[in-house]
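Trainee:
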Amino acid sequence: MVREIVRDIIFLGQKSVDATPQDIKIAMDLLDTLNANRERCVGMAGNMIGEKKNIIAITDRGINKLMINPVITQKSGKFETEEGCLSLDGVRSTTRYKNITVEYLDMNFKKHTESFSGWTAQIIQHEIDHCNGIVI
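Residue numbering for the sequence shown follows the numbering used here, starting at 1090 and increasing by one per position.
1. How would you label residue 1105, buried or exposed, when you count the other beta carbons within 10 angstroms and need 16 or more for buried?
2. Can you name the residues that DSSP bridges to residue 1190?
3. For residue 1103 versus residue 1141, is the C-beta distance shorter than 8 Å?
4. Name, in chain order, the residues that DSSP records as bridge partners for residue 1172.
5. At the level of alpha carbons, what is the spacing between residue 1171 and residue 1183?
6. Spatial neighbours of residue 1212 within its chain, please: C-beta separation below 6 Å, excluding the five flanking residues on both sides.
7. What does DSSP give as the partner residues of residue 1095 in its beta bridges?
8. Would you give the residue range spanned by the beta strand (DSSP E) that residue 1146 belongs to?
9. I'd like the span of the beta strand (DSSP E) that includes residue 1133, first residue to last.
10. Kindly indicate the opening and closing residues of the alpha helix (DSSP H) around residue 1122.
11. With residue 1139 and residue 1096 assumed to form a contact (beta carbons below 8 Å), what rounded beta-carbon distance in angstroms separates them?
Below, the structure written as structure tokens:
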């Protein structure tokens, strides 16, 4: 189900909690909402659809990737950039890393460890910030 995008800074600034298998519907709604906003959005976090759950969805080279309870375990190549957000107006300065390694669960709650770089790494960092209540 496509959900409305949350724009409430106070809500977005609250830290999310880990998702459980009972939260799969939220994950599916997140993917549906990402697809519905594909022209103007490359990633979303659970709180962007009103759910304080550690779930993110990104579009990586046109393919959707869902990550449940993602955690960045390694990072390198620090740089400064500006980013926009579907939940906010304008762009803001932030620090990102060119290379990251992320541990996460897939839809079947199977654990994965995967490395990302460049634009994909930047998207993932932005969405994990959302889960941590960091609004840039």
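By construction, the Cβ of each residue, glycine as well, lies at the ideal position given by its N, Cα and C atoms.
Mentor: Inspection of the coordinates gives the following:
1. Indexing the sequence shown from 1 puts residue 1105 at position 16. Its Cβ being crowded by 16 or more others within 10 Å, residue 1105 is buried.
2. By one-based count along the sequence shown, residue 1190 stands at place 101. 1163, 1204, per the DSSP bridge assignment.
3. What you label residue 1103 is simply residue 14 of the sequence shown in a count that begins at 1. What you label residue 1141 is simply residue 52 of the sequence shown in a count that begins at 1. A contact, by the Cβ cut-off of 8 Å.
4. By 1-based counting over the sequence shown, the position of residue 1172 is 83. The partner list for residue 1172 (beta bridge, DSSP) reads 1181.
5. Taking the first residue of the sequence shown as 1, we reach residue 1171 at position 82. Taking the first residue of the sequence shown as 1, we reach residue 1183 at position 94. Each residue's alpha carbon lies about 6 Å from the other.
6. Position 123 of the sequence shown holds residue 1212. Answer for residue 1212: 1131, 1132, 1147, listed in chain order.
7. Position 6 of the sequence shown, counted from the start, is the residue given in the question as residue 1095. According to DSSP, residue 1095 bridges with nothing at all.
8. If you number the sequence shown from 1, residue 1146 lands on position 57. Residues 1144 to 1149.
9. Locating residue 1133 in the sequence shown gives position 44, where the first residue counts as 1. 1132 to 1134 is the extent of the beta strand (DSSP E) around residue 1133.
10. Residue mapping note: residue 1122 aligns to position 33 of the sequence shown, counting from 1. Note, residue 1122: alpha helix (DSSP H), 1113 to 1125.
11. Reading the sequence shown from its first residue, position 50 is the one you call residue 1139. Reading the sequence shown from its first residue, position 7 is the one you call residue 1096. With a Cβ gap of about 11 Å, residue 1139 and residue 1096 do not count as contacting.
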